[in-house]
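Participant: The C-terminal position of the sequence shown is numbered 301 in UniProt numbering, with every residue numbered one higher than the one before it. Here's a structure for you.
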Amino acid sequence: MTNTDSERCLEDLARRLEASGDFRVLRRLKLSERIEPSDGVQTRTGMFLDVESTGLDVRVSEIIEISVTPFEYGLDERIVSVGQPLHQFNEPADPIPAEITAITGLTDELVAGHRLDIPAIEAFVEQANIIIAHNAAFDRPLVERISPIFSAKPWACTMCDVPWKEEGVEGRRLSELLSGFKYFFDAHRAVDDCEAGIALLTMTLPKSGERVLSSVLRTARQPTWRIFADAAPFEMKDVLKHRGYKWNADRALGPRAWWKEVPSDLVDAEVDFLQSEIFRSPVRLPMFEITAFQRYSMRAI
């Protein structure tokens, strides 16, 4: 039996299992099968970025692995090619915590003697029209600490810039989202996560019929406004939390106050809510416009 015959046999078994209604089959993700042929349209360069680090605190954690995978997409937002990734290890100042090794498989021995080649990273990333990450609020602050090139680029996020819940797709982790499209992959290594992220961008959302990349880019292009409920009464904190406000403790990012980011067309409604339900009087509230050049960063506004 040839490999082709074996694959056909396995695929037939998978389809029979699915048809029974009692089984759900996940297929191994093969990025090459998700890329559409180019029809000669003008393209732009996106880059999917993923880092592994020594911890979850982006202010102090160190990068131990970085991967940036370039891809070309047409003006119709179809991904037509994927390039070779930039991939580097980095030996941190302190030993890699055991829990990080358990998740990523990265050990002190694997990264020993490696240092990030910042000029090489900068030259590579310079070509990007946009950088995309899964949970960009984690990746962007980490890489902005190593080079200003990452501050100069617009960013988008496959976790937050797609209305997954409204589309009926459960979960927010990359592996969970791909399982919703009946795929699995080997997670928690930077190169694999980048390939999986690019593959996710090629998927079609089940309700709107929109490509994931189209949704991500549309969201990235839209400015939002970060509204601070400065000096809100303490007893209203639970109301604000329930409405999606977060506490800002860093004055470099704005007032020490509860804040929320809303689309431009919802600013007036949000201000009306704050004045009527929180402050119970007309107030002038600090607010700042946020674009893809600032979104997911921890730089000062």
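Quick reminder that beta carbons are idealized off the backbone N, C-alpha and C, glycines included.
In the DSSP assignment, find the unbroken alpha helix (DSSP H) run with residue 241 in it and report its ends.
Facilitator: Walking along the sequence shown from the start, residue 241 turns up at place 241. Run containing residue 241: 237 to 242, per the alpha helix (DSSP H) assignment.
Participant: Measuring straight from C-alpha to C-alpha, what distance separates residue 179 and residue 26?
Facilitator: Mapped onto the sequence shown, residue 179 falls at position 179. Mapped onto the sequence shown, residue 26 falls at position 26. Their backbone Cα atoms lie some 7 Å apart in a straight line.
Participant: Do the region 252 to 264 and the region 218 to 235 meet, that is, are 3 or more Cβ pairs less than 8 Å apart?
Facilitator: At 8 Å Cβ cutoff, the stretches touch.
Participant: Whose C-alpha, out of 280, 198, 293, is nearest the C-alpha of residue 221?
Facilitator: Here residue 221 is taken as the residue at index 221 of the sequence shown, counted from 1. The candidate whose alpha carbon is nearest that of residue 221 is 293.
Participant: Report all residues from its chain with a CB closer than 6 Å to the CB of residue 151; omit the five preceding and five following residues, and keep chain order.
Facilitator: Looking up residue 151 in the sequence shown gives position 151. The answer, listed in chain order, is 144.
Participant: Would you kindly report the start and end of the unbroken beta strand (DSSP E) that includes residue 229?
Facilitator: Here residue 229 corresponds to residue number 229 of the sequence shown, with the count starting at 1. Segment 224 to 229, the beta strand (DSSP E) holding residue 229.
Participant: Look at residue 271 and residue 224 and say whether their C-beta atoms are less than 8 Å apart.
Facilitator: Along the sequence shown, one-based indexing puts residue 271 at 271. Along the sequence shown, one-based indexing puts residue 224 at 224. No, these two residues do not count as a Cβ contact at 8 Å.
Participant: Could you pull the DSSP bridge partners for residue 262 from this structure?
Facilitator: If you number the sequence shown from 1, residue 262 lands on position 262. For residue 262, which the question treats as bridged, DSSP gives the partners 225.
Participant: For residue 133, count neighbouring C-beta atoms within 10 Å of its own C-beta (all shown protein chains included) and say buried if the count is 16 or more, exposed if not.
Facilitator: If you number the sequence shown from 1, residue 133 lands on position 133. By the neighbour-count rule (16 or more Cβ atoms within 10 Å), residue 133 is buried.
Participant: Can you check which of these residues, 106, 82, 33, 105, is closest to residue 128 by C-alpha distance?
Facilitator: Walking along the sequence shown from the start, residue 128 turns up at place 128. For the residues 106, 82, 33, 105, the minimum Cα distance to residue 128 belongs to 82.
Participant: Pairing CB atoms from the region 233 to 241 with CB atoms from the region 189 to 202, are three or more of them under 8 Å?
Facilitator: These segments do not touch.
Participant: Under DSSP, the alpha helix (DSSP H) around residue 194 begins and ends at which residues?
Facilitator: The residue labelled residue 194 in the question sits at position 194 within the sequence shown. From DSSP, the alpha helix (DSSP H) with residue 194 extends over 190 to 202.
Participant: Terminal residues of the continuous beta strand (DSSP E) containing residue 68?
Facilitator: As a position in the sequence shown, residue 68 is number 68, starting the count at 1. 63 to 74 is the span of the beta strand (DSSP E), which, as asked, contains residue 68.
Participant: Would you list the residues sitting across from residue 107 in a DSSP beta bridge?
Facilitator: Counting from one through the sequence shown, the residue named residue 107 turns up at place 107. BP columns for residue 107 are empty, so no partner.
Participant: Using a Cβ-Cβ cut-off of 7 Å (strictly less than) and excluding sequence neighbours within five positions of residue 208, which residues of its own chain qualify?
Facilitator: Looking up residue 208 in the sequence shown gives position 208. Correct list, in chain order: 167.
Participant: Tell me the residue span of the beta strand (DSSP E) that contains residue 52.
Facilitator: Position 52 of the sequence shown holds residue 52. Taken as a continuous stretch (DSSP letters only), the beta strand (DSSP E) holding residue 52 covers 43 to 53.
Participant: Report all residues from its chain with a CB closer than 7 Å to the CB of residue 295; omit the five preceding and five following residues, and keep chain order.
Facilitator: Along the sequence shown, read from residue 1 onward, the residue named residue 295 stands at position 295. Result list for residue 295: 155, in chain order.
Participant: CB-CB under 7 Å to residue 244, same chain, minus the five flanking residues each way: which ones, in chain order?
Facilitator: Locating residue 244 in the sequence shown gives position 244, where the first residue counts as 1. Closer than 7 Å at Cβ, skipping near neighbours: 260.
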